[in-house]
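S.K.: Sending over a structure as structure tokens; questions will come in a sec.
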Amino acid sequence: MKVVLITGASSGIGFETAKLLAQKGYKVYGAARRVEAMKVLEKFGVIPIKLDVTNNDSIHNTIDTLIEKEHRIDVLINNAGYGSFGAIEDVEEEEAKRQFEVNLFAVAKLIKLVLPYMRQQRYGKIINISSMSGKIPAYLGGWYSATKYALEGFSGSLRLEISDFGIDVVLIEPGSVKTDWALISADNLERSARGGAYEVTATKIAQGLRKRYEKDMMSDPAVIAKYIVKSIESKKSKAHYLVGFAAKPLVFLHAVLPTKIFDVLLKKFS
Numbered sequence: 001m002k003v004v005l006i007t008g009a010s011s012g013i014g015f016e017t018a019k020l021l022a023q024k025g026y027k028v029y030g031a032a033r034r035v036e037a038m039k040v041l042e043k044f045g046v047i048p049i050k051l052d053v054t055n056n057d058s059i060h061n062t063i064d065t066l067i068e069k070e071h072r073i074d075v076l077i078n079n080a081g082y083g084s085f086g087a088i089e090d091v092e093e094e095e096a097k098r099q100f101e102v103n104l105f106a107v108a109k110l111i112k113l114v115l116p117y118m119r120q121q122r123y124g125k126i127i128n129i130s131s132m133s134g135k136i137p138a139y140l141g142g143w144y145s146a147t148k149y150a151l152e153g154f155s156g157s158l159r160l161e162i163s164d165f166g167i168d169v170v171l172i173e174p175g176s177v178k179t180d181w182a183l184i185s186a187d188n189l190e191r192s193a194r195g196g197a198y199e200v201t202a203t204k205i206a207q208g209l210r211k212r213y214e215k216d217m218m219s220d221p222a223v224i225a226k227y228i229v230k231s232i233e234s235k236k237s238k239a240h241y242l243v244g245f246a247a248k249p250l251v252f253l254h255a256v257l258p259t260k261i262f263d264v265l266l267k268k269f270s
């Protein structure tokens with residue numbers, strides 16, 4: 001039975017992935033700050049474990065606990081992450097740094113702790129949940145997009161470094177996903193821009209987010225979970241899985257259109 005650790009398992013993509021993997025017979029440790037939010041996962045066989053990815057002691061304790069119980073780890077899914085949307089000018093420096101801490105440095109810390117065990121096993125899969133915003137810029141989401149672009153580069157280099165040890169690195173790059181995070185992002189965006197130079201644009205984008213949420217113009221998290229499981233079960237996983245609502249067409253247009261033309265389209269339809 002393969003042992004899986006998934007972060008950010010209390011809601012959204014992480015919750016659905018933990019549930020699906022447990023149903024398929026994996027031994028799943030679901031990690032998040034809010035352990036109480038993972039109680040429902042226990043009936044599927046998921047083992048909740050408290051983890052604050054911004055706390056070094058919490059990260060070390062999580063891996064130590066898992067290894068003590070299982071003596072191995074086969075799959076690490078780095079799903080915990082967030083974005084505090086707003087104009088680059090409006091987002092406070094500390095908030096920008098925190099996004100990098102959660103979306104990149106916490107990922108690196110967890111990976112560094114599990115690599116010795118995976119290397120010893122000569123097997124492992126590291127699944128990093130990125131975003132299409134790591135492929136194309138996010139309008140009024142520059143800091144979030146920067147963390148995901150960084151995660152893409154980090155993951156590519158890591159894949160080169162550890163492939164000789166039988167360890168694979170996979171990037172999941174979702175488009176718009178229907179989670180509470182979309183509505184929270186809309187609220188934060190409006191709040192960050194209130195009374196400032198970007199207020200009109202921020203209000204428009206926030207309204208668009210809410211509209212797409214209400215009209216189901218976003219992918220269900222369960223859809224993304226299926227691709228994550230597919231990447232784990234595949235003997236020859238792809239390096240990138242670009243999935244979910246609007247991801248493939250937008251990334252394609254970004255690749256083929258002149259940059260300034262794509263910018264106009266992105267601003268018009270955001």
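Numbering (our numbering), first residue to last: 1 to 270. Even for Gly, the Cβ is constructed at its ideal location relative to N, Cα and C. The structure presented is a predicted model; accordingly, all values stated were derived computationally and were not measured.
Find the nearest neighbour of M48 within the set V114, F105, A197, V28, judged by alpha-carbon distance.
M.R.: Before going on, a small fix: residue 48 reads as Pro here, not Met. It is V28 whose Cα lies nearest to the Cα of P48.
S.K.: Since P48 sits in a beta bridge, which residues does DSSP pair it with?
M.R.: Beta-bridge pairing links P48 to G30.
S.K.: Does the beta-carbon distance from S219 to G244 come in below 8 Å?
M.R.: Their beta carbons are under 8 Å apart, which means S219 touches G244 by this criterion.
S.K.: When DSSP builds the beta bridges, which residues end up paired with L257?
M.R.: In DSSP, L257 forms no bridge with anything.
S.K.: Looking only at its own chain, which residues have a Cβ that is under 6 Å from the Cβ of L150, when we skip the five neighbours before and after it?
M.R.: Looking at the sequence provided, one finds Ala at residue 150 rather than Leu. Closer than 6 Å at Cβ, skipping near neighbours: L104.
S.K.: Using the Cβ count rule (16 or more neighbours within 10 Å means buried), how would you classify V256?
M.R.: Classification of V256: exposed, given that the 10 Å Cβ count is below 16.
S.K.: DSSP has S219 in a bridge; who is on the other side?
M.R.: Looking at the DSSP assignment, S219 forms a beta bridge with V177.
S.K.: Buried or exposed: T259, going by 16 or more other Cβ atoms within 10 Å of its Cβ?
M.R.: It is exposed - the Cβ of T259 has fewer than 16 other Cβ atoms within 10 Å.
S.K.: Measure the Cβ-Cβ separation of G8 and A22 and say whether it is below 8 Å.
M.R.: No; because the gap between Cβ atoms is not below 8 Å, this pair is not in contact.
S.K.: With contact counted as at least three CB pairs below 8 Å, one residue from each stretch, are the segment 208 to 219 and the segment 112 to 131 in contact?
M.R.: Touching, no.
S.K.: Assuming L113 contacts H60 (C-beta within less than 8 Å), just tell me the rounded distance between them.
M.R.: So it is a contact: roughly 7 Å between Cβ atoms.
S.K.: CA-CA distance, D263 and L160?
M.R.: Using only the alpha carbons, I get a separation of about 32 Å.
S.K.: Could you work out which residue in E42, F100, G25, E16 is closest to V53 when comparing CA atoms only?
M.R.: Out of E42, F100, G25, E16, F100 has the C-alpha closest to the C-alpha of V53.
S.K.: Could you check whether K2 and T74 sit closer than 8 Å to each other, using their CB atoms as the reference points?
M.R.: Strictly speaking, residue 74 in this sequence is Asp, with Thr absent from that position. Taking 8 Å as the Cβ cut-off, D74 and K2 qualify as a contacting pair.
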